[in-house]
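Notes for the one structure printed next.
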Amino acid sequence: MQKLFLFIMFATSLAQAQYGAISTATAGSGRATVEPSESPVLNPASIPFSRGYFFTSDYATMSGTEEFTVGLTDNMPDSVVPAAFIYNQVNGKSLRNQNFTTQDLRLEFANLIKKNLAFGMTVRSKTDSVLNTQYRQTNLLMGTIFALNSEIGLALVLDNLLGTNAEVPMDYRLVPAIGLGLNYNYKKVIRFRLDLETASNDSFNEPAISGGLEGHWNQWLLFRMGVRKTLETNIDEYGVGVGFAGPKFAFHYGYLSSPQQDKLDRHAVDLAIPIW
6 MQKLFLFIMF
16 ATSLAQAQYG
26 AISTATAGSG
36 RATVEPSESP
46 VLNPASIPFS
56 RGYFFTSDYA
66 TMSGTEEFTV
76 GLTDNMPDSV
86 VPAAFIYNQV
96 NGKSLRNQNF
106 TTQDLRLEFA
116 NLIKKNLAFG
126 MTVRSKTDSV
136 LNTQYRQTNL
146 LMGTIFALNS
156 EIGLALVLDN
166 LLGTNAEVPM
176 DYRLVPAIGL
186 GLNYNYKKVI
196 RFRLDLETAS
206 NDSFNEPAIS
216 GGLEGHWNQW
226 LLFRMGVRKT
236 LETNIDEYGV
246 GVGFAGPKFA
256 FHYGYLSSPQ
266 QDKLDRHAVD
276 LAIPIW
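Going letter by letter, the sequence shown gives residues 6 to 281 in the working numbering.
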């Protein structure tokens, strides 16, 4: 029974992994962090804090699985509502040795309720194609970010609010979850992240804890590292990465490794271009 449980947990993470090089390097943390290249996926409430129009792309590999993401984020002065559109596709084989393709569309809206408080919502449509069968799911995500001051930010994310679809196999099923995030900037030189996520039963009895650190070598070059502990499965993950954040574009690389499950090892690269 324990092996079956671990199998289901791993297959679910394989099919639903969706984050970029930055949170790969920081072991999945960053719900309270503002990163135009990927944070709208982790928390749509980050959109109002990033002024501009951004094109982003991400490519990742994990245990023979390939993942590709493109996104547009719009938060210009004349924008009616800050928004983002994100398309993600995963091609690979599950642990059952079945070919699968996952297509994930996200339309996100967010705005500032107060100067230091943002609220966002994501409408998500996910289609999993396994052999000759398709499983379609639609769900909602809501998130908030509260900036206590220029150094500390707090986040709350409620994922898959519409519940689960029992007709979808557990490997691909969207399940409700709650995420809490903390972001701390120390003198604008080092940034710390700390996230807490509920277990598969949507409780904090055996949560997953992620922590990350980001520092600057100079004005444009960055280094990152992170660690994650999933208490429910007793799996550890360690991340490391580097990045270039220039005035015309940003490029990031992240690597994630697990000593207990080498199939969770992941490489990811991001490219972000501010169009305006």
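Beta carbons are placed, not taken as given, at the ideal position from N, Cα and C, and that holds for glycine. Small disclaimer: the values here were computed from a predicted structure and weren't measured.
Residue i (DSSP reduced to helix, strand or coil)
i: Ile-214; result: strand
i: Thr-38; result: coil
i: Thr-29; result: helix
i: Val-245; result: strand
i: Asp-133; result: strand
i: Leu-122; result: strand
i: Val-86; result: coil
i: Met-236; result: According to the sequence shown, residue 236 is Leu rather than Met. In the structure shown, Leu-236 sits in coil (DSSP, three-state: anything other than H, G, I, E or B).
i: Phe-197; result: strand
i: Ala-50; result: helix
i: Ser-262; result: strand
i: Ser-205; result: coil
i: Arg-271; result: strand
i: Gln-94; result: strand
i: Pro-252; result: coil
i: Ser-62; result: strand
Closest Cα partner of residue i within the set the options
i: Ser-155; options: Leu-276, Leu-122, Gly-76; result: Leu-122
i: Leu-136; options: Thr-143, Gln-142, Asn-116, Asn-104; result: Asn-104
i: Val-162; options: Tyr-140, Thr-169, Lys-192, Phe-124; result: Phe-124
i: Gly-246; options: His-272, Glu-237, Pro-252, Thr-238; result: His-272
i: Ser-262; options: Thr-66, Arg-56, Val-39; result: Thr-66
i: Phe-60; options: Gly-76, Asn-48, Ser-51; result: Gly-76
i: Ser-99; options: Ile-214, Thr-203, Gly-25, Gly-69; result: Gly-69
i: Asp-164; options: Tyr-140, Lys-131, Thr-127, Ile-195; result: Thr-127
Rounded Cβ spacing between residue i and residue j (contact assumed at less than 8 Å)
i: Gly-186; j: Asp-200; result: 5 Å
i: Ile-240; j: Gln-266; result: 6 Å
i: Ser-84; j: Thr-74; result: Contact flag wrong, Cβ pair sits at about 22 Å.
i: Ala-160; j: Ala-32; result: Contact doesn't hold; Cβ gap of about 16 Å is too wide.
Legend entry - Sequence ranges, beta strand (DSSP E) only - wholly within the segment 157 to 185, length at least 3: 157 to 164
Inset, instruction - Decide yes or no for the touch test of the segment 162 to 182 against the segment 134 to 152: beta carbon pairs closer than 8 Å, at least 3 of them. - result: yes
Inset, instruction - Flag this pair as touching only if the segment 227 to 241 and the segment 39 to 46 have three or more C-beta atom pairs under 8 Å; answer yes or no. - result: no
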